[in-house]
Structures are given as C-alpha cells and as structure tokens.
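Read the structure below first, then the notes.
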Amino acid sequence: MRTREVAVASVLGGLSAMFEIIRGPPFDIPFPLFPKISWDLTGMPMMVSLLLYNPLCAIYTCLIGCSIIFLRGNTYGGIFKLIAELSTIIGFAAFRKNFVIDTVKAASARVIIMTVVNYYLLQLFYLIPEKAVVDLLGPIAIFNMTQALINIIPAYVISLRVKQR
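This note's numbering runs 188 ahead of the 1-based position in the sequence shown.
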C-alpha cells in the first residue's frame, strides 16, 4: 500500500471506530426484530475505502474500525462484526462487474456467511439452544441484508462525489 492509501484507510478506520462508539440514532438503531443487534454506520467508511482504493485498504480500514469493539472488551461482538464487515467487503470486491451486481454479491455473501457463523457461534459463545438460534436466523439474515445496503449505497454516493473532484 502506498502512503496515501495507508493514510486514507487509517482516517476512514478512525471514522468507522467513532461510529462504533457513538450510541443512539442516527449512529446506532436497534433492529426491531431482534433488538440485541443494531444498524449502524460503522461499515460505510470501510466501503468508501474499497470504492476509492482497493480491497486491501478496505480490509485495513475494517481492522481499525472493528478494533475498538475488542478494545472495549466485547470479544464476541468484535468477532461477529469483523466477520460480517469482511464478508461484505470481499463479496463486493470479488469478480467486480458493476455496482448493482457487486452490491447483490456483497449482501448475499454477508447473509450466507453470517447465517453459518450465527448458527455455530451463537450456540458456542452465548449458549443459546439450537432451536432458538434457528428461530433467530431469519430475522438476523434480514438485518444483515439491510445492514449491507446501509454500508454500500451511501458509500457509493460518497465515492462518486469524491471522484468528481
């Protein structure tokens, strides 16, 4: 990575971490179908990093942004967040076609990967019975689909504006 890429990824990672820290709307809105999780803006700077530069910058931004979760002592939450955001980034970046197809790939990757992750890790980390986990997978999939769109669409608009300058 060039110096400029490291600098931009670091600044965007800091912004992502700030979005993770700030609680309450518009930075943190509980998901009505499962209020223990919430929509947030944390992933948007990660997608801006991807759209302006490359997957490596986005991954670097993601690691910085998610690190605050671990630093605050929420190891399990940090693992879920890191996997979710990385699956969105990689899903978008793999085999780039156009914005719509890339968005569908990213959201689908996030939903599929997080469904598998949630199935196993909710039981392992939180000792939630398998039946209860299975009942949660549908609502959490809806959350992951909408969260991917919250990350991607505004980031796309921002990246277009930045590229126009």
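By construction, the Cβ of each residue, glycine as well, lies at the ideal position given by its N, Cα and C atoms.
Thinking just about the alpha-carbon of each residue, which of the options is nearest to the one in residue i?
| i | options | result |
| --- | --- | --- |
| P342 | D228, K269 and G202 | D228 |
| V345 | L240, V196 and F313 | L240 |
| T334 | R211, I217 and L203 | I217 |
| K224 | S347, A294 and F268 | F268 |
| R211 | Y308, S226, F313 and Q352 | S226 |
| I330 | Q311, L270, V196 and F222 | F222 |
| S347 | S198, I271, N242 and G326 | N242 |
Nearer than 7 Å: is that true of the beta carbon of residue i relative to any heavy atom of the ligand ADP?
| i | result |
| --- | --- |
| R190 | Of the ligands one can find in the structure shown there are none, so the ligand ADP has no counterpart to examine. |
For residue i, count neighbouring C-beta atoms within 10 Å of its own C-beta (all shown protein chains included) and say buried if the count is 16 or more, exposed if not.
| i | result |
| --- | --- |
| T291 | buried |
| Y248 | buried |
| R298 | buried |
| V304 | exposed |
| L274 | buried |
If you measure between the beta carbons of residue i and residue j, is that distance less than 8 Å?
| i | j | result |
| --- | --- | --- |
| G231 | T263 | no |
| C245 | M189 | yes |
| V321 | N306 | yes |
| E208 | I257 | yes |
| A294 | F280 | yes |
Give me the Cα-Cα distance between residue i and residue j, rounded to the nearest whole angstrom.
| i | j | result |
| --- | --- | --- |
| I300 | N339 | 17 Å |
| M302 | M234 | 18 Å |
| G201 | D323 | 34 Å |
| G266 | V350 | 30 Å |
| V194 | S237 | 10 Å |
| L203 | K319 | 38 Å |
| F215 | A205 | 11 Å |
| P220 | V288 | 27 Å |
| L309 | I316 | 9 Å |
| Q352 | Y314 | 47 Å |
| L259 | A336 | 24 Å |
| P213 | R192 | 32 Å |
| L270 | N286 | 25 Å |
Output the boundary residues of the beta strand (DSSP E) element that contains residue i.
| i | result |
| --- | --- |
| Q218 | A small correction: the amino acid at residue 218 is Pro; Gln does not occupy that position in the sequence shown. Looking at the DSSP string, the run of the beta strand (DSSP E) that includes P218 is D216 to P218. |
Tell me which residue opens and which closes the alpha helix (DSSP H) that residue i is part of.
| i | result |
| --- | --- |
| L259 | P243 to L259 |
| L315 | Unbroken run through L315: none, as it is neither H nor E. |
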